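In what follows, a structure is listed as structure tokens, so that the remarks can point back to it.
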Amino acid sequence: GENVEQHPSTLSVQEGDSAVIKCTYSDSASNYFPWYKQELGKGPQLIIDIRSNVGEKKDQRIAVTLNKTAKHFSLHITETQPEDSAVYFCAARGGGGADGLTFGKGTHLIIQP
Amino acid sequence: KAGVTQTPRYLIKTRGQQVTLSCSPISGHRSVSWYQQTPGQGLQFLFEYFSETQRNKGNFPGRFSGRQFSNSRSEMNVSTLELGDSALYLCASSLGQGAGEQFFGPGTRLTVL
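In order, the protein sequences belong to chains S and H. Take the first sequence: its letter number 75 is residue 75 in the working numbering, and every next letter is one higher. One rule links them: number in the working numbering = place in the second sequence (from 1) + 113.
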């Protein structure tokens, strides 16, 4: 089955700086890659996603890039703000939608004032 | 539009008991997936229901089961509870099977004593 590795497990950045979280996946048939933000006591919130026919997608301060050849994808957050502090999860879904999402272990993003 | 709702939000049970958790998807969404979240294993896929049929299943024992009703609401059941079943159980809804975007509810926190 699919295996998703996520790095780093903890990331501390100064407010206003950029943050980058990286994930790799194992199943070359995976074609859907969402990113979720989870705050304490809440369920994961979908913040951006990308499909395998696209290399990059941007939504305001958030962007995701996908390298199908290397089987890795990354989340980029620019101009970080205190409210960006949370745990971020990457995920992958196999081709044909036959499987549930496989998640990475999460990155605890800390924004230092 | 109302989000995904899960009841109850918190539950305490003892070993050997059984438990039923409920999920109401976003209006118009027909697919419901269930995930278990623990500090050690992270987010793991349990199963997905679409049109009242289980479409996919993760690697969990048969003690974990579920069902979906004609109005797309779903329940999951865990029988013969073990201490290791203590977790946050998350429900996610999407438009259809393999539709990609999954939206999570706040979860049910289950504690097994």
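Note that beta-carbon positions come from the ideal geometry of N, C-alpha and C, so glycine has one too. Keep in mind that this is a model prediction, so the values were computed, not measured.
Counting only the same chain and skipping the five closest in sequence on each side, list residues whose C-beta sits under 6 angstroms from that of residue i.
i                : result
MET189 (chain H) : LEU134, TRP147 and GLY179
ILE21 (chain S)  : LEU75, TYR88 and THR107
THR151 (chain H) : ALA200
LEU208 (chain H) : HIS142
Considering only the beta carbon of each residue, do residue i and residue j sit closer than 9 angstroms?
i                : j                : result
ASP84 (chain S)  : ALA29 (chain S)  : no
ALA102 (chain S) : HIS72 (chain S)  : Per the sequence presented here, residue 102 (chain S) reads as Thr, with Ala not at that position. Against a cut-off of 9 angstroms, the Cβ pair of HIS72 (chain S) and THR102 (chain S) comes out as no contact.
ALA200 (chain H) : GLN149 (chain H) : yes
PHE163 (chain H) : SER144 (chain H) : yes
GLN45 (chain S)  : PHE217 (chain H) : yes
LEU124 (chain H) : LEU223 (chain H) : yes
TYR32 (chain S)  : GLY213 (chain H) : yes
ASP27 (chain S)  : GLY1 (chain S)   : yes
For residue i and residue j, what's the separation of their Cα atoms in angstroms?
i                : j                : result
THR69 (chain S)  : GLN167 (chain H) : 33 angstroms
GLY197 (chain H) : VAL132 (chain H) : 14 angstroms
GLN6 (chain S)   : LYS105 (chain S) : 6 angstroms
PRO121 (chain H) : LEU203 (chain H) : 12 angstroms
VAL64 (chain S)  : THR127 (chain H) : 43 angstroms
SER137 (chain H) : GLN154 (chain H) : 25 angstroms
ALA86 (chain S)  : GLN181 (chain H) : 32 angstroms
PHE173 (chain H) : ASP49 (chain S)  : 27 angstroms
ASP99 (chain S)  : THR78 (chain S)  : 32 angstroms
GLY43 (chain S)  : GLN60 (chain S)  : 23 angstroms
In chain order, what residues of the same chain lie with their CB nearer than 8 angstroms to the CB of residue i, ignoring the 5 residues before and after it?
i                : result
GLY129 (chain H) : THR193 and LEU194
GLU15 (chain S)  : THR80, GLN81, PRO82, ILE111, GLN112 and PRO113
Can you list, in chain order, the residues of the stretch 45-57 of chain S whose Cβ is nearer than 8 angstroms to any Cβ on chain H?
-> GLN45, LEU46, ASP49 and ARG51
Near-chain S residues of the stretch 210-223 of chain H (beta-carbon distance less than 8 angstroms), N- to C-terminal order | GLN210, GLY211, ALA212, GLY213, GLU214, GLN215, PHE216, PHE217, GLY218, PRO219 and GLY220
Residues of the stretch 151-173 of chain H with a CB closer than 7 angstroms to any CB of chain S: list them in chain order, please.
-> GLY155, LEU156, PHE158, GLU161, ASN169 and GLY171
Using a Cβ-Cβ cut-off of less than 7 angstroms, give me the residues of the stretch 178-209 of chain H that come near chain S, in sequence order.
-> LEU203
Members of the stretch 122-147 of chain H that neighbour chain S once the beta carbon cut-off is set at 8 angstroms = SER146
Where the stretch 15-32 of chain S meets chain H: residues whose CB sits under 8 angstroms from a CB there | TYR32
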